[in-house]
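Mapped onto UniProt numbering, the consecutive letters of the sequence shown carry residue numbers 1 to 415. Please read the structure below before turning to the comments.
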Amino acid sequence: MSKPKPIVLRSQPDKSATKHLPIDWGEIDPLKRGPVIGSLSKLSHRNAIGTHSGSYSVYRALAVANGTLQADHLPDLTNTSPAEHIGPHPSWGDANLIVSLDPFGALVSEIYSSFYQQGYDIRPTIAVTKAHINLPEIQDAIAHKRVLIDGKIVKSGGNLVVTKIAIDPVWYLPGIANRIGVEESVLRRVLFQQTGGMFSDLVRRPDLQVFLPPIGGTTVYIIGDVAHISDPEKQLAVRVHDECNGSDVFGSDICTCRPYLVHGIEICIQTAQAGGSGVILYFRKEGRALGEVTKFLVYNARKRQPGGDRADAYFTRTECVAGVQDMRFQELMPDVLHWLGISRIDRLVSMSDQKYNAIINSGIQVCDRIPIPEDRIPADAQVEIIAKKAAGYYTPDGVPDATILGETQGRDLGD
Ligand SMILES: [Zn+2]
1 MSKPKPIVLR
11 SQPDKSATKH
21 LPIDWGEIDP
31 LKRGPVIGSL
41 SKLSHRNAIG
51 THSGSYSVYR
61 ALAVANGTLQ
71 ADHLPDLTNT
81 SPAEHIGPHP
91 SWGDANLIVS
101 LDPFGALVSE
111 IYSSFYQQGY
121 DIRPTIAVTK
131 AHINLPEIQD
141 AIAHKRVLID
151 GKIVKSGGNL
161 VVTKIAIDPV
171 WYLPGIANRI
181 GVEESVLRRV
191 LFQQTGGMFS
201 DLVRRPDLQV
211 FLPPIGGTTV
221 YIIGDVAHIS
231 DPEKQLAVRV
241 HDECNGSDVF
251 GSDICTCRPY
261 LVHGIEICIQ
271 TAQAGGSGVI
281 LYFRKEGRAL
291 GEVTKFLVYN
301 ARKRQPGGDR
311 ADAYFTRTEC
321 VAGVQDMRFQ
331 ELMPDVLHWL
341 GISRIDRLVS
351 MSDQKYNAII
361 NSGIQVCDRI
371 PIPEDRIPAD
381 AQVEIIAKKA
391 AGYYTPDGVP
401 DATILGETQG
411 RDLGD
């Protein structure tokens, strides 16, 4: 092993600051906007704080540390370009409308080809591919004739044709600060402090305005013709879903997440088969972005409290453990919708007032809101749904009163 190079803690302004390409966030021309460079192969080229791959950058560090991965590996991006065409949309040129992803993130290998020839290591932050998915609930919907096998959107065997998009977060810090209502300097300082001092450039380099945060990203599933999404003449269904590993993957019955997600997919298929399209947004914000450890602690606290798991104490238990009820910051969520060029949602498959308000406050029209059908709610999830309805969720059948709240009980921990 050769002697490791000394670590240089970067500070502003330094000589390298003059070398990096500027980013003019919100510029519609990608060449004028400039590429976001968070790669580590040439430090003087970096014009963003943090690095690529979100939370997976830590695993990359392990692979470099034990020699599995060469630190200077350059990705070969041959044949990786998007499998479907997205945009550009006018929203891509609005610095206030999209602040948490790079609208050009899927296209870098094409639009910045001249920079690659000059030795710049520009990484895609968005990937667009196509797939077939098959879900037992959709098989059931086919059996009950709620969904038809049309050979195009739903193929034989119940295989659903989708376009799927993975998006890594790219934060324009002035826009993020504005969206959550704090000064940018405060945001930078607290991000630095609350990550244990992980990114010193947050406080040392005010000239760098773009941050690649080490967090989970977003996956988009599109059902039907991708070109229909931004066409106001076509109907659009949207489900906005925040990750719930326990229910989504493992079928836990304490919440409505998977049943509602699958209902959203069913509505998207129906809308696509009627000539429109459907979009599922899946955000990695486990346990209301409090994390799964906190979530499981709260489950225990709910079920062990005096009187058992009750709708009237649902939010209180979360607040006791986490200090807050929710950290998802739904005001950032509509960025993906704007990136897709969506201006109207005909069917929003969500009862969340926070998601609805974020969407309409960002300028997107919502026509109908689709609640989860009563017969899809697991018995133990009544606590959650009644508590949420009482707290402001969309309830076409009326808000539960104090008696219903007090009487709605979940299963005991040991049962
Ligand atoms: Zn859940």
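From the three backbone atoms N, C-alpha and C, an ideal C-beta is built for every residue, glycine too. If you're wondering where the values come from, they're calculated on a predicted model, not measured in any experiment.
Residue i and residue j closer than 8 Å at C-beta
i, j, result
"D163", "I98", "According to the sequence shown, residue 163 is Thr rather than Asp. In this structure, I98 does not lie closer than 8 Å to T163 by Cβ."
"N348", "I370", "The displayed chain sequence assigns Leu, not Asn, to residue 348. Yes, Cβ-Cβ distance for L348 and I370 is below 8 Å."
"R239", "G264", "yes"
"E84", "K155", "no"
"G217", "A177", "no"
"D380", "G410", "yes"
"K303", "L413", "yes"
"A311", "A358", "no"
"E331", "Q325", "no"
"Y112", "P174", "no"
"D335", "G392", "no"
"G26", "G67", "no"
"V128", "P75", "no"
"G50", "P259", "no"
"I254", "Y299", "yes"
"Q273", "D150", "yes"
Extent of the continuous beta strand (DSSP E) to which residue i belongs
i, result
"S277", "S277 to F283"
"H132", "I126 to I133"
"F211", "V210 to L212"
"H241", "L236 to D242"
Expected contact under 8 Å - CB spacing of residue i and residue j to nearest Å
i, j, result
"P103", "W339", "6 Å"
"L160", "V220", "Not a contact, Cβ separation roughly 15 Å."
"S230", "I342", "6 Å"
"F199", "A48", "Contact flag wrong, Cβ pair sits at about 10 Å."
"G105", "T78", "18 Å between Cβ atoms; not a contact."
"K295", "D242", "No, K295 and D242 are not in contact; Cβ-Cβ is about 12 Å, not under 8 Å."
"D121", "S39", "4 Å"
"D168", "G54", "5 Å"
"residue 482", "V383", "Outside the shown range of the chain, which is 1 to 415, sits residue 482, and nothing can be said about it."
"L290", "M327", "6 Å"
"L236", "G276", "6 Å"
"residue 421", "S350", "As displayed, the chain neither begins before 1 nor continues past 415, which places residue 421 out of reach and without an answer."
"I180", "F283", "Wrong, their Cβ atoms sit about 16 Å apart, outside the cutoff."
"V262", "L135", "6 Å"
"P400", "K389", "5 Å"
"F192", "V203", "5 Å"
Alpha helix (DSSP H) segment containing residue i, residue limits
i, result
"D140", "P136 to A143"
"A166", "That residue, A166, is in no alpha helix (DSSP H); its beta strand (DSSP E) goes N159 to I167."
"L405", "A402 to E407"
"A390", "Q382 to A390"
"V190", "E184 to Q194"
"F115", "S113 to Q117"
"N178", "L173 to I180"
"L31", "P30 to R33"
"L202", "D201 to R204"
Distance cut-off 7 Å: residue i Cβ against heavy atoms of ligand 3
i, result
"A166", "This structure lacks ligand 3; its bound ligands are ligand 1."
Closer than 5 Å to ligand 1: residues, by C-beta to nearest heavy atom, in chain order: C244, S247, C255 and C257
Ordered list of alpha helix (DSSP H) runs contained in the region 46-80, each at least 4 residues: 57-65
Start-end ranges of the alpha helix (DSSP H) lying completely within the UniProt domain "GTP cyclohydrolase II" (224-371), minimum 4 residues: Whole alpha helix (DSSP H) segments, 4+ residues: 245-248, 257-273, 286-289, 292-304, 314-322, 334-339 and 353-361.
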